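All remarks here apply to the structure that follows.
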Amino acid sequence: MKMAMKDGQILIREADNVQFTIIKSWGKMKWSRQTQTLSGPADIELLNRLAGIVNLPPSIEAERQKLNAVMAAVDRERMNPNPVPLIDPPIKVKPFAHQVRGYNMALMVFGLAEPPKQEVAQ
Numbered sequence: 005m006k007m008a009m010k011d012g013q014i015l016i017r018e019a020d021n022v023q024f025t026i027i028k029s030w031g032k033m034k035w036s037r038q039t040q041t042l043s044g045p046a047d048i049e050l051l052n053r054l055a056g057i058v059n060l061p062p063s064i065e066a067e068r069q070k071l072n073a074v075m076a077a078v079d080r081e082r083m084n085p086n087p088v089p090l091i092d093p094p095i096k097v098k099p100f101a102h103q104v105r106g107y108n109m110a111l112m113v114f115g116l117a118e119p120p121k122q123e124v125a126q
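Residue numbers (our numbering): 5 to 126.
Next up, the structure:
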């Protein structure tokens with residue numbers, strides 16, 4: 005199986021029958037008869053599923069790990085009892101804690117702020 009990522013899309017070519025059937029059953033990728041490729045969005049769900057059936061190329065694996073790290077940071081922020089804005093919000097009033105959490109999660113998901121490094125418990 006050959007795999008590439010271009011413009012936020014995963015492209016797969018030369019998948020064997022078993023791989024093709026499994027990937028097609030997910031409903032996340034479309035078959036192009038003209039180019040003989042499967043294509044679909046390079047989202048966290050599809051990348052994790054593909055990693056479960058084949059070894060991903062290094063660049064695609066790096067993207068998968070980055071998306072998983074962002075998801076883990078968003079989950080940590082969701083339960084943060086004392087959130088602090090990652091970037092000062094462009095507002096005049098002091099936001100509530102749930103608003104700061106939502107603001108931080110949006111910044112991380114849209115790639116406007118790097119997820120904070122997770123502290124290692126000792």
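Beta carbons are placed, not taken as given, at the ideal position from N, Cα and C, and that holds for glycine.
Every value quoted in this text rests on a predicted model; they were computed, and no experiment measured them.
Local conformation of Arg17 per DSSP, three classes = Arg17 falls in the strand class under three-state DSSP.
Supposed contact pair Ile27 and Leu42 - C-beta distance, whole angstroms, cut 8 Å = Between Leu42 and Ile27, the beta carbon gap of about 6 Å places them in contact (Cβ cut-off 8 Å).
On the three-state DSSP scale, how would you describe Pro120?
-> In the structure shown, Pro120 sits in coil (DSSP, three-state: anything other than H, G, I, E or B).
Leu54 lies in the beta strand (DSSP E); which residues open and close that run?
-> It is not in any beta strand (DSSP E) - Leu54 instead sits in the alpha helix (DSSP H) that spans Ile48 to Ile57.
So which of Pro120, Pro62 and Asn72 has the shortest CA-CA distance to Leu50?
-> Out of Pro120, Pro62 and Asn72, the CA that lies nearest to the CA of Leu50 is found in Asn72.
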